[in-house]
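K.L.:
All residue numbers for the sequence shown refer to the working numbering, where the first residue is 1214 and numbers rise by one.
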Amino acid sequence: MSVQSLNHVGIAVRSIDEQKSYYERTLGMEFEGIEDVPSQKVRVAFFRAGDVRIELLEPSEPDSSVAKFLEKRGEGLHHLAFTVEDIEARIAELKESGLRMIDDAPRPGSHHMQIAFVHPKSTFGVLTELCELPEM
Ligand code: CMX
């Protein structure tokens, strides 16, 4: 297993609108747009500085896992996402090494990526996402 790069850092927020100006104007990051990700019941906003992206996650439905997170832990850092190649093989490797996957098979994520989450209980408390970029 070898991750290629940090794809993004996910941050749980109650309102993208409320925080947009902090990332865009105060920090001066490039705003890349807002997208609905129905499979994850979230609305996401991306901001970029160099190769690093921040993903703001706002729940789009009351039973979203992000809504539960906000209720329990409040706003703040939610997950780290790594770019990988051949996500199905990477999932198999992680399972083989004893990690608990939330997703046994890739799901559609933002930016047309395929994604899969690893449970934070098996990654030292850090919710971890694998992302495979779409073919160009
Ligand atoms: N980071 C670290 N720990 C987390 C966490 C997070 N983001 N979310 C939950 N946990 C912890 C909880 O605090 C809890 O720990 P304790 O038992 O010690 O209190 C434990 O994990 C179980 O959490 P829970 O509140 O009972 O919530 P659930 O089990 O219902 O769900 C999780 C937790 C991680 C399985 C669920 O949030 C999930 O499936 N996440 C993956 C999907 C996701 O996050 N999608 C949104 C992003 C989509 C995108 O980027 O496109």
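Backbone N, C-alpha and C define an ideal beta-carbon position, used for all residues, glycine too.
Bear in mind that the values here come from a model prediction, so they are computed numbers and not experimental data.
Could you check if glutamate 1342 belongs to the surroundings of the ligand CMX, using beta carbon to heavy atom distance under 8 Å?
P.N.:
True, at least one ligand heavy atom lies under 8 Å from that Cβ.
K.L.:
Have a look at the DSSP bridge pairing and note the partners of phenylalanine 1244.
P.N.:
The partner list for phenylalanine 1244 (beta bridge, DSSP) reads Phe1260.
K.L.:
Closest by CA to glutamine 1327, which one among Val1255, Leu1219, Glu1348, Gly1287?
P.N.:
For the residues Val1255, Leu1219, Glu1348, Gly1287, the minimum Cα distance to glutamine 1327 belongs to Glu1348.
K.L.:
Just checking, does the region 1303 to 1315 make contact with the region 1259 to 1272 on the three C-beta pairs under 8 Å criterion?
P.N.:
Too few Cβ pairs lie closer than 8 Å, so no.
K.L.:
With respect to 8 Å, is the separation between the Cβ of glutamine 1327 and the closest non-hydrogen atom of the ligand CMX below this value?
P.N.:
Flag unset: Cβ of glutamine 1327 not near the ligand CMX.
K.L.:
Hey, how far is the Cα of glutamate 1248 from the Cα of glycine 1311?
P.N.:
Roughly 33 Å between the two C-alpha positions.
K.L.:
Specify the secondary structure class of proline 1275 as computed by DSSP and reduced to three states.
P.N.:
Reduced to three states, the DSSP call for proline 1275 is coil.
K.L.:
Is the closest heavy atom of the ligand CMX to the C-beta of serine 1273 under 8 Å?
P.N.:
Answer for serine 1273: no, Cβ out of range of the ligand CMX.
K.L.:
For leucine 1293, which beta-bridge partners are listed by DSSP?
P.N.:
According to DSSP, which records beta bridges pairwise, leucine 1293 is partnered with Val1222, Thr1341.
K.L.:
Can you tell me where the beta strand (DSSP E) holding alanine 1329 begins and where it ends?
P.N.:
Residues 1327 to 1331.
K.L.:
Could you pull the start and end residues of the alpha helix (DSSP H) that leucine 1307 belongs to?
P.N.:
Segment 1300 to 1309, the alpha helix (DSSP H) holding leucine 1307.
K.L.:
Looking at the secondary structure, which residues open and close the alpha helix (DSSP H) in which isoleucine 1229 lies?
P.N.:
Counting along the chain, the alpha helix (DSSP H) containing isoleucine 1229 begins and ends at 1229 to 1234.
K.L.:
State the DSSP-derived secondary structure class of leucine 1312, mapped to helix, strand or coil.
P.N.:
Note: leucine 1312 maps to coil in three-state DSSP.
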